[in-house]
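Peer 1:
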Amino acid sequence: DTEVTQTPKHLVMGMTNKKSLKCEQHMGHRAMYWYKQKAKKPPELMFVYSYEKLSINESVPSRFSPECPNSSLLNLHLHALQPEDSALYLCASSHPIDTYEQYFGPGTRLTVT
Amino acid sequence: GQSLEQPSEVTAVEGAIVQINCTYQTSGFYGLSWYQQHDGGAPTFLSYNALDGLEETGRFSSFLSRSDSYGYLLLQELQMKDSASYFCAVISDYKLSFGAGTTVTVRA
Numbered sequence: 085d086t087e088v089t090q091t092p093k094h095l096v097m098g099m100t101n102k103k104s105l106k107c108e109q110h111m112g113h114r115a116m117y118w119y120k121q122k123a124k125k126p127p128e129l130m131f132v133y134s135y136e137k138l139s140i141n142e143s144v145p146s147r148f149s150p151e152c153p154n155s156s157l158l159n160l161h162l163h164a165l166q167p168e169d170s171a172l173y174l175c176a177s178s179h180p181i182d183t184y185e186q187y188f189g190p191g192t193r194l195t196v197t
Numbered sequence: 752g753q754s755l756e757q758p759s760e761v762t763a764v765e766g767a768i769v770q771i772n773c774t775y776q777t778s779g780f781y782g783l784s785w786y787q788q789h790d791g792g793a794p795t796f797l798s799y800n801a802l803d804g805l806e807e808t809g810r811f812s813s814f815l816s817r818s819d820s821y822g823y824l825l826l827q828e829l830q831m832k833d834s835a836s837y838f839c840a841v842i843s844d845y846k847l848s849f850g851a852g853t854t855v856t857v858r859a
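So the sequence lines, in the order shown, correspond to chains A and B.
According to my numbering, the first sequence is numbered sequentially starting from 85.
According to my numbering, the second sequence is numbered sequentially starting from 752.
1) Assuming E108/A and Y119/A are in contact, meaning their beta carbons sit under 8 Å apart, how far apart are those beta carbons, in whole angstroms?
2) Quick check on V132/A - is its C-beta less than 8 Å from some C-beta in chain B?
3) Should L783/B and V841/B be called a contact, given that it needs their Cβ atoms to be closer than 8 Å?
4) With distances taken between CB atoms, is the gap from L797/B to Q787/B smaller than 8 Å?
5) Below 8 Å on C-beta distance, what does E185/A contact in chain B?
6) Determine the closest residue to Q753/B out of T856/B, A851/B, A859/B and V855/B, with distance taken between C-alpha atoms.
7) With a threshold of 8 Å between beta carbons, is I768/B in contact with chain E?
8) Does L826/B pass the burial test, meaning 16 or more other C-beta atoms within 10 Å, or should it be called exposed?
9) Grouping DSSP H, G and I as helix and E and B as strand, with all else coil, what is M831/B?
10) Checking 8 Å against the spacing of the C-beta atoms, do A115/A and H161/A come in under that value?
11) Can you pull the DSSP bridge partners for S784/B?
12) What do you get for I768/B, buried or exposed, if any count of 16 or more other CB atoms within 10 angstroms of its CB means buried?
13) Under 8 Å by Cβ, that's how I've got F131/A and L138/A pegged, so tell me the actual separation to the nearest angstrom.
14) Is the beta carbon of W785/B closer than 8 Å to that of L829/B?
15) Taking CB distances under 8 Å as the criterion, tell me whether P126/A reaches chain B.
16) Please name the residue in T777/B, T795/B and G822/B whose C-alpha comes closest to that of Q770/B.
17) Quick one: list the residues of chain A neighbouring I842/B, beta-carbon separation under 8 Å, in chain order.
18) With DSSP run on the structure shown, which of helix, strand or coil describes E136/A?
19) Applying the criterion that 16 or more other CB atoms from any shown protein chain within 10 Å of the CB defines a buried residue, is S848/B buried or exposed?
20) Looking at the secondary structure, which residues open and close the beta strand (DSSP E) in which A203/A lies?
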């Protein structure tokens, strides 16, 4: 199974809402990532988890809160977002030493109203 | 930080060969990856070069010259399904940093 799944596929939320994005993989990968991608732009790294510990936070605003409950799951908790946070949020996984080959999920298309 | 440059768009006909160049500036360079992303889809890993030279995977090949901080992705026997965005990405400090992407359009 080489699949990374993400739910929901689409999410519309108001600026005062709290929501969560979920990501799951069953490839035994111990590194998991969150990326943000705007239209016609490359993915931008937000967070890296390695062995369930947060190892990289790319200076992401605190209204984005990641969580890694176990080696297969990755969540991104959203609170008090701004309209400019509307984007495609991609989850990826890899073996920790094989950062160059990441498996991406289909993404969650987030719209903040 | 990292800096990668690649052309923004390339158009070619079916059956043609396309070369997408990527030049980079980065500290702590480990290698160069290439990803493909169809409209509305997820990025998909294509290839990785850690050492100088050419890596061939079917119709796609990737090349790296570490001394020139340069690499390219070669797409041969272009097919309509190859219409997509292609990103080069450098690996440093256990992170992938992507170039801006090259949109390849294949015409019949």
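Even glycine gets a Cβ: it sits at the ideal position worked out from N, Cα and C.
Peer 2: Here's the rundown:
1) E108/A to Y119/A, Cβ: 16 Å. No contact.
2) Residue-level contact by beta carbon holds for V132/A and chain B, with a gap shorter than 8 Å.
3) Yes, they are a contact pair.
4) At the C-beta level, L797/B and Q787/B come within 8 Å of one another.
5) Within chain B, the residues near E185/A are S784, F796 and Y799.
6) If we check each option's Cα against that of Q753/B, A851/B comes out closest.
7) The structure shown contains no chain E; its protein chains are A and B.
8) Classified as buried, L826/B has 16 or more neighbouring CB atoms from the shown chains inside 10 Å of its CB.
9) Three-state DSSP puts M831/B in a helix.
10) No, the Cβ-Cβ distance between A115/A and H161/A is not below 8 Å.
11) In the DSSP output, where bridge partners are listed per residue, S784/B has Y799/B and A840/B.
12) So I768/B counts as exposed.
13) That pair is a contact at about 6 Å.
14) No, they are not a contact pair.
15) Yes, because at least one Cβ of chain B sits closer than 8 Å to the Cβ of P126/A.
16) Closest option to Q770/B, Cα to Cα, is G822/B.
17) In chain order: T183 and Y184.
18) Reduced to three states, the DSSP call for E136/A is coil.
19) It counts as buried.
20) Because chain A spans 85 through 197 in this model, residue 203/A falls outside it and cannot be assessed.
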